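*Asks:* Here you go, one structure.
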Amino acid sequence: MPTNFTVVPVKDARGAKRSPTEDNVLREEDEEATGDGVPKENSPFINNTDNDKANSNSYDGTNMALFEEEMDSHPMVSSLLNKLANYTNLTQGAHEHEEADEDEGAKKKTVKSPQMGTFMGVYLPCLQNILGVILFLRLTWIVGTAGILESLAIVGLCCSCTMLTAISMSAIATNGVVPAGGSYYMISRSLGPEFGGAVGLCFYLGTTFAGSMYILGTIEILLTYIVPKAAIFVADKKEDEVAALLNNMRVYGTCCLALMAVVVFVGVKYVNKLALVFLACVILSILAIYAGVIKSVFEPPDFPVCMLGNRTLHNQKFDKCLKTEVIDNLTVSTQLWRLFCDGPNLNATCNEYFTNNNVTEVQGIPGLTSRVISDNLWSAYASLGMTVEDHKLPSLPAPESAQDFNMPYVVNDITTFFTLLVGIYFPSVTGIMAGSNRSGDLRDAQKSIPIGTILAIATTSFIYVTCVVLFGACIEGVLLRDKFGDSVKGNLVIGTLSWPSPWVIVIGSFFSCCGAGLQSLTGAPRLLQAIARDGIVPFLQVFGHGKANGEPTWALLLTAGICEIGILIASLDSVAPILSMFFLMCYLFVNLACAVQTLLRTPNWRPRFKYYHWTLSFLGMSLCLAIMFISSWYYAIVAMAIAGCIYKYIEYRGAEKEWGDGIRGLSLNAARYALIRLEDAPPHTKNWRPQVLVLLNLDSDQSIKHPRLLSFTTQLKAGKGLTIVANVLEGTYLTKDTEARRAEQNIKVCMSTERTKGFCHVVVSSNLRDGVSHLIQSAGLGGMKHNTVLMAWPGTWKQSNDPQSWKNFIETIRETTATHHALLVAKNVDSFPTNQERLGEGTIDVWWVVHDGGMLMLLPFLLRQHKVWRKCKMRIFTVAQLDDNSIQMKKDLQMFLYHLRLDAEVEVVEMHDNDISAFTYEKTLVMEQRSQMLKQMQLSRTEREREIQSITDESRSSIRRKHQVAAESSSQSQSRHSSTADDNQEDEAQLIHDRNTASHTAINDKADAAPERVHMTWTKDKLFTERRHRECNANVAVRDLFNMKPEWESLNQSNVRRMHTAVKLNEVVVNKSQGAHLVLLNMPGPPKNRGGDENYMEFLEVLLEGLNRVLLVRGGGREVITIYS
C-alpha cells in the first residue's frame, strides 16, 4: 500500500528555517575497517555516525532539545534522508580503478553517480558473456551429433536452468542494495560466510577456467582457420596429429595468456573500452549467420563434400573428388587415387574399401528449402576413431584393416554421448551474472538487473533454439559432424553458412573469444579480491592487496596460474565440463538462497521483483544438480568435494561473520522445532547424557581461576550434548555491564583454547548465592536445559575469612538437590590433565557407596572415550557391611556390569563396626569448637541498624528475634572473644540472603523438628540390617561414655558417628586408590539443619584427605544408565 510523507519545515528559536544537512560528498576511504580488519560496508543508516559528530552543530536549537542527547545514535530524519540520497556503491575494479587519483596526496575525487541503464548496463554485458566460443566452434557439431531433437533438449535443459536461476537471482538482487562482488555478495549474505566463501571460490574457479576456454578457442580459430601454417608442431603421421595440435595449443595459449594478463595489469580501462568492439563482433557474426540462412533459400553456397562410399573424406590434400579423370583422351589417376593406392598407376594396389566403393560429391549446404532437416532429426553418436558416415549413401563393407586409420577420412576425435554434449554446451549459457556484477554502475540496479538479465537469457535462448533448427535444416549431417571443417578444406563449418563471407564469422568469433578471455581475466581477480577482503578465508588475505589504485595484482597472478592449468589441458572439450561444474555449483546455491529466504519468510526478505516462488527456485536447484551429474558425475563429485573442503575450512578457521544470512535463520527454525519436540517428554534413560552447567570462578581481573575445569568438561563431553559455562558477578548490571562483557569474552577465549564447545552465560546479581540459584533454575531453553552441575571444590574455605564462600557452596548443593540435577565437584582441579596430556597405564577408581542412578558407572565410560583417559582402566569398589555376603556381592556386581556392557575390575571392601577411635573424637572436638567460634561472630551495631532500616515490615520482627539471641550469646562470651567479634561481620550477607529467600526459614524450622532421614535404594533386608547396626552403635556409644575424656562428653553423638564414617572410609579409599589417576566418590548430602553446615564441610574435608584428583558425584534422582538395548 502507498505511504505518504509530509515534510514540515521547523523554525528554530532565532526564527530562521533549519536547512537540511549540507551536501555531503561521499568520499572513498582507502581502508575504512571494522575492528576485525575487514573493510566496512558503506551504509547510510544509524550505525554510521563517525562523521556526524563534526556536523553536530546542525542539531543545535530548541525545537529538538528533547532528543538532543540521542542525536549521535539516532539522527534526525532529514539527515538520514540526505545520506540515503547521496548513498552509492561502486563496484570494485570499475570506475574507482579507472579514475584513481595518481597523486596519492591529492584530494580524492567526488564519485560520480552511476548513470548506466538496463540496456547498456545489464542487457548487452549479459549478451556478450552468454554468446561466445561454444556457439561458433561447437554448436554445429553438437547438432550433427545429437540430432535436432536431442539438441533442443540440451538447449532447453540448460536455458531453463539459467532462466530459473535468473529469477532467483533477481529476487535476491532486488532485496536491498547489492554492492561489489555480484553473485558472491548475494550468496554470502544470503547463505552465510561458509556457503558464500565456498561458492564464491567455485565461481572464481569457474570464471578462471572460462578464461582458459576462451583462450583455447582463440588459439583454435587462429591455428585451424586463420593461419594453419603458423603451427610449431607438425605431425608426420596421422596418429600424431592430435598430439601436435594439443602442443600447439599449449604453446600459443600460454603466450596469449601472458599477453592478456599484461593488458589487464596495465589498465582495466582498455578492456572496458574494447568491450563494445568485441560485442559488436558477436552481434555482426550472428547477423551474418541469419543472413546466410536467408540467402540459402535462394542461392545455397557451394561447399561440396567428397564421400567415398558413405565415408566423409578429408579433402585438404586433393582438389577433385574423382578416382580417375580423362585428360587428352587418356585416363589418369588423381591425387585422391594416390592417397589410397601405392602408386599413380591404374594397376597399382589400392585400399579394398576404395576399390569397392564409388566416390560421390554431396552439397554441404543444401539450403533451407531442402529436406535435409528430416535426416538431421536423430542422433548419430560415435566412438573415438570412427569415420564420419552418411548412412543414406550406398557402401560395400570391407574387412577391417589397420590401414584405414591412415586413410584421409574425417574421424571422431572423441567418443560422443548425450551427457558429454550437455557438459560441453553448458558454458554457452553461462554469463548471466554479468549484470549483477555491474550493480554499482547502474542507475537503478533493482529495476535493471531483473529486466536486463531475463531479457538477455530470453534473447540468447531464442538465438540458440533457432540456430539448432536452422543448422539442422540447412547443413548436411556429415558436415555438421565434421568438428574442424576438414571436409570443406578446413573452413569453419558455421562460416560456410554465413553471408557475405566465412571470414566474417572467423574474424568475429576470434575477437569475441579474445574479448571474453580478457573479461574473465578482469573479473576473476576482482572476485578473489572481494573474497579476500571479506576475511573469511585466512590464507587468501594476501590476495586482497594490490596496486595503489586498488588493482588486484596478486590475485591476477594467481588467476593467471590457474588459467595456465586449463591451457595445459589444451582441449576445449575437456575444459568446458570443468567450468560447467563450478558455474552449476554457483547457480545451485543462488537458487538455494532464494528458496531458503522465501520459506523462512524472514522480515528482511522483501524483494521488489515479485515474480518468484520457492518451487521455481527448488526446481532450478534440482536442474543444476541434475545437469552436474548428467554431464560428468566424477567432475561433479570433485567440484562438490572442493566446495565442501572450503566450507569446512571456513567453518573451522575462518573469521566469524554475522551477515543475517538465511542459513542462520534456517538453523534458528530447526532449533526452535527441535526444542519444541524436546519439550514434550524428558529423555529416555538410553538417551541420557550429562548436559553440563559449569560454574566458573573469576578473579578481580575477570580471568578464569580454574581453566582445567573446562579441560575436564571437554574430556567428559567430547563436543556432545549441551555445555553452558557460567559465572556470576556481584553488583547491578547497569554498573557491571563492561565487566560482564569482558568476563564473557575471557570465558569464550578460554573455551576456544580448551576446545570446549558450548555456550557462555555471565549473570550479574546482587549476591553470588542468588546468581548461582538463578543460573541453576533458568539456564538453558526448553528441552535443552542442563541436568548436571560441575564446579570446583572450594579448597581455601578454611583459610578464608569470608564464610560466604563455603556457605554458597553448600547452598549450591541444596539447590541442585531440590532441582533434581546431578552434581559433580572436582577437588584439586588444577592438577587434572590438560587436553594435550596422554595418561599412561593407570586406573579410574569408582567408590560406589550408595546408588545414585548410575552416574558413577557412566562417567568413567564417557571419560575413557577421550584420548586423555583412553588407556586408563576402570575399577569399581563397593563397601560391604558385617552382615553382607562379600562373595555374592562381587558376583552380582560383575553380572550387573556385564549387562551394562562395561569393562571394569570389581572389588568388595569390607568395613566392620570398630570402636570409635580417639582420633575421631579429637577431630569432632576441634570441629565443634571451630563451629562454636563461628556462631559467636555477629554484626556490629552500625551494620545491624542499617540492616533493620532496609528490611520490610513483615520480616522486621523475625530479624529482631535473631539479633536478641545473638546479643545474649555475645554477652556471655564477650570477655573471651571480644577481639574476634569486632573483626568479623560476615553474617551480614547471610542475613540479607535469608531475608531475600524467606522460604528458607520455614524449611529450617521444619527440618529442626523432623527426625533425620537417610534416602537409600536398599532392599528390605538391607533396611533391617541397617536398623540393627544403629542399635549396636547406640549401645557402643553408651558403653564408651564411661571411658571418655571430660571434654568429649558434650560432643554431639551424631557428629561423632559421621566423623567416624568419614575417617574410616577415607582410610579405605586412600589405602586402595591413592595412586589412581582419578577417584570418583559418592558425595554425601548436606545436613537439613543449616546449623551444621560448617561441620558438613569438615566431614568432606576428612573424607577427601590424602587424595589428589577426586570427583565427588551426587545423582539427580533418576536412572541414567540401563541394561536394556
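Mapping the sequence shown onto the working numbering, position 820 (from 1) lands on 814, and the numbers just tick up by one. Heads up, the beta-carbon is just placed ideally off N, CA and C, and yes, glycines get one too. Here the structure is a predicted model, which is why all the values come from computation and not from measurement.
Could you please give me the residues that DSSP links to Glu383 through a beta bridge?
*Replies:* When DSSP reads this structure, Glu383 sits in a beta bridge with Arg305.
*Asks:* Are Thr750 and Thr708 closer than 7 Å when you measure CB to CB?
*Replies:* yes
*Asks:* Taking just the CA atoms, how far does Ser492 sit from Arg520?
*Replies:* 37 Å
*Asks:* Tell me, please, whether the stretch 207 to 227 touches the stretch 530 to 546 by the rule of three or more beta-carbon pairs shorter than 8 Å.
*Replies:* no
*Asks:* Please identify the residue among Thr729, Leu728, Cys754, Glu748 whose C-alpha is closest to the C-alpha of Ile739.
*Replies:* In the sequence on display, residue 739 carries Gln and not Ile. With distances taken between Cα atoms, Gln739 lies closest to Cys754.
*Asks:* For the 8 Å Cβ check, are there 3 or more pairs between the stretch 157 to 172 and the stretch 428 to 444?
*Replies:* yes
*Asks:* Assuming Asp839 contacts Ser1067 (C-beta within less than 8 Å), just tell me the rounded distance between them.
*Replies:* The Cβ separation is near 4 Å, so the contact holds.
*Asks:* Only counting the same chain, and skipping five residues up and downstream in sequence, which positions put a Cβ closer than 7 Å to that of Leu613?
*Replies:* Leu158
*Asks:* Among Phe312, Arg602, Val902, which one has its Cα closest to the Cα of Asp878?
*Replies:* Val902
*Asks:* For the beta strand (DSSP E) that contains Asn1102, what are its first and last residues?
*Replies:* From DSSP, Asn1102 is part of no beta strand (DSSP E); its letter is neither H nor E.
*Asks:* What residues match up with Trp841 in a beta bridge as DSSP calls it?
*Replies:* For Trp841, which the question treats as bridged, DSSP gives the partners Phe871, Leu1075.
*Asks:* Tell me which residues share the same chain as Ser880 and place their Cβ nearer than 8 Å to its Cβ, disregarding the 5 neighbours each side in the sequence.
*Replies:* Ala874, Val902, Glu904
*Asks:* Return helix, strand or coil for Ile321, following the three-state DSSP convention.
*Replies:* Looking at Ile321 - three-state DSSP - the assignment turns out to be strand.
*Asks:* Which residue wins for smallest C-alpha separation from Leu837, given the options Leu1097, Ile367, Glu235, Leu1074?
*Replies:* Going by the sequence as given, residue 837 is Thr instead of Leu. Of the candidates Leu1097, Ile367, Glu235, Leu1074, the one whose C-alpha sits nearest the C-alpha of Thr837 is Leu1074.
*Asks:* Please state whether DSSP places Leu586 in a helix, a strand or coil.
*Replies:* In the three-state DSSP reduction, Leu586 falls in the helix class (H, G or I).
*Asks:* Between the alpha carbons of Gly544 and Leu552, how many angstroms are there, rounded?
*Replies:* Near 16 Å, if we compare the C-alpha coordinates of Leu552 and Gly544.
*Asks:* Determine, using beta-carbon pairs with one atom in the stretch 572 to 591 and one in the stretch 606 to 623, whether at least three such pairs fall under 8 Å.
*Replies:* yes
*Asks:* Got a sec? Which residues, its chain only, sit under 7 Å from Trp135 by beta carbon, not counting five neighbours each side?
*Replies:* Leu474, Arg475, Lys477
*Asks:* How should Phe292 be labelled, buried or exposed, when 16 other C-beta atoms within 10 angstroms of its C-beta is the threshold for buried?
*Replies:* It counts as exposed.
*Asks:* Determine which residues share a DSSP beta bridge with Tyr458 and list them.
*Replies:* Looking at the DSSP assignment, Tyr458 forms no beta bridge with any residue, so it has no partner.
*Asks:* So, at 7 Å on beta carbons, what are the nonlocal neighbours of Thr1121 in its own chain, with the 5 sequence-adjacent residues on each side left out?
*Replies:* Residue 1121 lies beyond the range of the chain shown here (-5 to 1119); nothing can be said about it.
*Asks:* Buried or exposed, going by whether 16 or more other CB atoms sit within 10 Å of the CB of Leu253?
*Replies:* exposed
*Asks:* Taking 8 Å as the cut-off, does the stretch 638 to 648 touch the stretch 774 to 787 (at least 3 CB pairs, one atom from each stretch)?
*Replies:* no
*Asks:* Examine chain D for any beta-carbon lying closer than 7 Å to the beta-carbon of Ser373, and answer yes or no.
*Replies:* The structure shown contains no chain D; it is built from a single protein chain.
*Asks:* Relative to the alpha-carbon of Asn341, which residue among Thr325, Asn802, Lys884 has its alpha-carbon at the smallest distance?
*Replies:* Thr325
*Asks:* Starting from Thr241, trace the alpha helix (DSSP H) both ways and give me its first and last residue.
*Replies:* Note on identity: in this sequence residue 241 is Asn, with Thr being the wrong assignment. From DSSP, the alpha helix (DSSP H) with Asn241 extends over 235 to 260.
*Asks:* Quick check on this structure: which residue in Asn352, Met851, Val404 has the alpha carbon closest to the alpha carbon of Ser377?
*Replies:* Val404
*Asks:* Given that a residue counts as buried once 16 or more other Cβ atoms are within 10 Å of its Cβ, and exposed if not, what is Ala772?
*Replies:* Checking the sequence, you will find Ser at residue 772 rather than Ala. Burial call: exposed.
*Asks:* Can you give me the start and stop residues for the alpha helix (DSSP H) that Met163 sits inside?
*Replies:* Per DSSP, Met163 belongs to the alpha helix (DSSP H) from 133 to 167.
*Asks:* Which one or two residues does DSSP pair with Met785 in a beta bridge?
*Replies:* Paired residue(s): Val819.
*Asks:* Answer yes or no: the CB of Ser206 versus the heavy atoms of the ligand ADP, is any distance below 6 Å?
*Replies:* This structure does not include the ligand ADP; it has no bound ligands of any sort.
*Asks:* Cβ atoms of Val500 and Gly489: under 7 Å apart, would you say?
*Replies:* yes
*Asks:* Would you kindly report the start and end of the unbroken beta strand (DSSP E) that includes Val758?
*Replies:* Annotation: the continuous beta strand (DSSP E) that includes Val758 extends over 753 to 759.
*Asks:* What does DSSP give as the partner residues of Gln357 in its beta bridges?
*Replies:* Pro298
*Asks:* Less than 7 Å separating the beta-carbons of Arg832 and Asn802?
*Replies:* no
*Asks:* Would you please state the rounded distance, in angstroms, between the beta carbons of Leu121 and Thr424? I believe it to be under 8 Å.
*Replies:* Contact flag wrong, Cβ pair sits at about 13 Å.
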